[in-house]
Amino acid sequence: MLFSVALLALVRVAATRGAPAVRAHPFFAGSAGALQVVAHRGGMAEGPENTIEAFRRALASGADVIEMDVRASADGELVVIHDASVDRTTDGSGRVDAMPLSALRSLDAAYRFSPDGAATPLRGRGVRIPTLAEVLEALPSARVLAEMKSAEPS
């Protein structure tokens, strides 16, 4: 047992000797170990999830980071949506990876958003499923955590 502990200590010292100093990644600059507020899907109570509107509201409310889910459309465009299908959050139905961007753009991303469980205040107001490029362009200084989703079995 003593030999194992000594060997482990020796390996640890050897692994760190001569290693370059670890520098903080710019993503974490200014956080200095402080807790960070991450708006999951843009803060789903703030607006229709994974939309530019939700991300803007979350940042205005003090979120440090916006988290989003990214999928590829049928024509290879990167769109910001959590589910493999559009059924739960929009007025459409079908798999994201089976729909071209033009079809995804025609859907109302706020159709089912209801902050109080009854009213749908943003339905029909032009809220769309954004592309990743649109989010990054609309919020150039936002710290973004993007989860790349792949096709899921039906």
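Residue numbers are given in our numbering: position 61 of the sequence shown equals residue 70, and the series is strictly consecutive. For each residue, glycine too, the CB sits at the ideal point set by N, CA and C.
Please report how far the alpha carbon of residue i lies from the alpha carbon of residue j, in whole angstroms.
{"i": "arginine 152", "j": "glycine 42", "result": "16 Å"}
{"i": "alanine 112", "j": "glycine 101", "result": "9 Å"}
{"i": "valine 95", "j": "alanine 155", "result": "19 Å"}
{"i": "leucine 19", "j": "lysine 158", "result": "In this prediction, leucine 19 scores a pLDDT of 47, lower than 50, which makes its location untrustworthy; the coordinate-derived value is nonetheless stated afterwards. If I take the Cα positions, the gap works out to 41 Å."}
{"i": "serine 150", "j": "alanine 160", "result": "30 Å"}
{"i": "glutamine 45", "j": "leucine 110", "result": "33 Å"}
{"i": "alanine 164", "j": "alanine 93", "result": "In this structure the chain extends from 10 to 163, so residue 164 is not present and cannot be described."}
{"i": "arginine 137", "j": "alanine 54", "result": "17 Å"}
Go to residue i, then tell me how far its alpha helix (DSSP H) extends in each direction, as first and last residue.
{"i": "leucine 154", "result": "Looking at the DSSP string, leucine 154 is not in any alpha helix (DSSP H); the run it does join, the beta strand (DSSP E), is 152 to 157."}
{"i": "arginine 114", "result": "110 to 114"}
{"i": "isoleucine 61", "result": "61 to 69"}
{"i": "leucine 145", "result": "141 to 147"}
Please determine, among the options, the residue with the shortest C-alpha to C-alpha distance to residue i.
{"i": "valine 88", "options": "Asp73, Arg104, Val74", "result": "Arg104"}
{"i": "alanine 5", "options": "Ala107, Pro139, Ile90, Arg97", "result": "Outside the modelled stretch of the chain, which goes from 10 to 163, sits residue 5, for which no answer is possible."}
{"i": "glutamate 76", "options": "Arg134, Arg50, Arg65", "result": "Arg50"}
{"i": "alanine 128", "options": "Ala119, Ile90, Ile138", "result": "Ala119"}
{"i": "leucine 131", "options": "Ala72, Arg114, Leu148, Thr99", "result": "Thr99"}
Can you check DSSP and say which residues form a bridge with residue i?
{"i": "glutamate 76", "result": "Leu154"}
{"i": "valine 47", "result": "Val74"}
For the 8 Å Cβ check, are there 3 or more pairs between the region 46 to 66 and the region 140 to 150? yes
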